[in-house]
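Student: I'd like to ask some things about the structure below.
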Amino acid sequence: MCFVAPNIRSTEEKTLNIFVLLETHSLQYISTAMTPGTNFPEYTLVGLIDLEPVVYYDSNIRKMIPLVEWMEEKNDKHYWDSETEKQTELLCVSAGIHMLQRRSGCEWDDYEDDRTKRGYFQFGYDGEDFLSLDLKTETWTAASSKALITKTKWDANVRATKYRKNYLENDCILWLQRYLGYRKSFLQKRAQQQQRDL
70 MCFVAPNIRS TEEKTLNIFV LLETHSLQYI STAMTPGTNF PEYTLVGLID LEPVVYYDSN
130 IRKMIPLVEW MEEKNDKHYW DSETEKQTEL LCVSAGIHML QRRSGCEWDD YEDDRTKRGY
190 FQFGYDGEDF LSLDLKTETW TAASSKALIT KTKWDANVRA TKYRKNYLEN DCILWLQRYL
250 GYRKSFLQKR AQQQQRDL
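Each residue of the sequence shown is one higher than the one before, starting from 70 at the first, in this note's numbering.
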């Protein structure tokens, strides 16, 4: 997005100042698994693009639901069935715990010269920080002594760590760019329709 501001120094000399608003975009998933028997679903997931909730899943409805029109419009039944299946598999793995929270995602700076990418994979347990993935060292960082056993076990699974790193630095960015394109296309169509309706 650009804004142009004229700067007139004299009648003979004119300069043009251009201010560019740089954007950082993000795709993140936040999920929570809880011990069965509470009044809340055992497992929930919310997907966000630029902090806007775009998809939702919980163990009661057992279906991934688009929260914005453009997500529903651009993805077919196979996509939604596949996403539902992934979350259902995670539910089976997560059963029987107190409360486990996961936050994972990526950020992409939409600049011409510097398209910086960042990813993160973090876990909380019973309301406290637990583990986070250090993408540079490809190891897990324990936030407390309670996480040391899990850290050792996960650090030993190099293949899974490399998979997560690849997802965060590549696949996540590609999905983010795809979703941003869907949103942009949808908003352009809506604006054109509104212009025609005037």
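Here a beta-carbon is modelled for each residue, glycine too, at the ideal position from N, C-alpha and C.
Under a Cβ-count criterion, where at least 16 other Cβ atoms within 10 Å of its own Cβ denotes burial, should GLY116 be classed as buried or exposed?
Tutor: With 16 or more other Cβ atoms within 10 Å, it is buried.
Student: The alpha helix (DSSP H) that contains LEU217, what's its start and end?
Tutor: Looking at the DSSP string, the run of the alpha helix (DSSP H) that includes LEU217 is 217-225.
Student: Sorted by chain position, which residues of the same chain lie with C-beta nearer than 8 Å to GLU142's C-beta, five sequence neighbours on each side aside?
Tutor: The answer, listed in chain order, is TYR251 and PHE255.
Student: Let me confirm a value: ILE130 is counted as buried when at least 16 other C-beta atoms fall within 10 Å, else exposed. Which label applies?
Tutor: When all chains shown are included, ILE130 counts as exposed.
Student: My output table needs one value for LEU90: the three-state DSSP class, helix, strand or coil.
Tutor: Here LEU90 scores only 49 on pLDDT, less than 50, and its place in the model is too uncertain to base an answer on.
Student: List the whole-angstrom C-beta distance separating LEU267 from LEU237, where the pair is believed to meet the contact cut-off of C-beta under 8 Å.
Tutor: The Cβ separation is near 44 Å, so there is no contact.
Student: Write down every uninterrupted run of the beta strand (DSSP E) in the region 104-155 whose length is 3 residues or greater and which is fully enclosed by it, in chain order.
Tutor: Taking only runs of at least 3 residues, the beta strand (DSSP E) segments lying wholly in the region 104-155 are 112-118 and 121-127.
Student: Just how far apart, CA to CA, sit HIS94 and GLU176?
Tutor: The straight-line gap from Cα to Cα measures roughly 5 Å.
Student: Buried or exposed: VAL162, going by 16 or more other Cβ atoms within 10 Å of its Cβ?
Tutor: Caution applies to VAL162, whose pLDDT of 49 falls short of 50 and renders its modelled position unreliable; the value that the coordinates give is listed next. Exposed.
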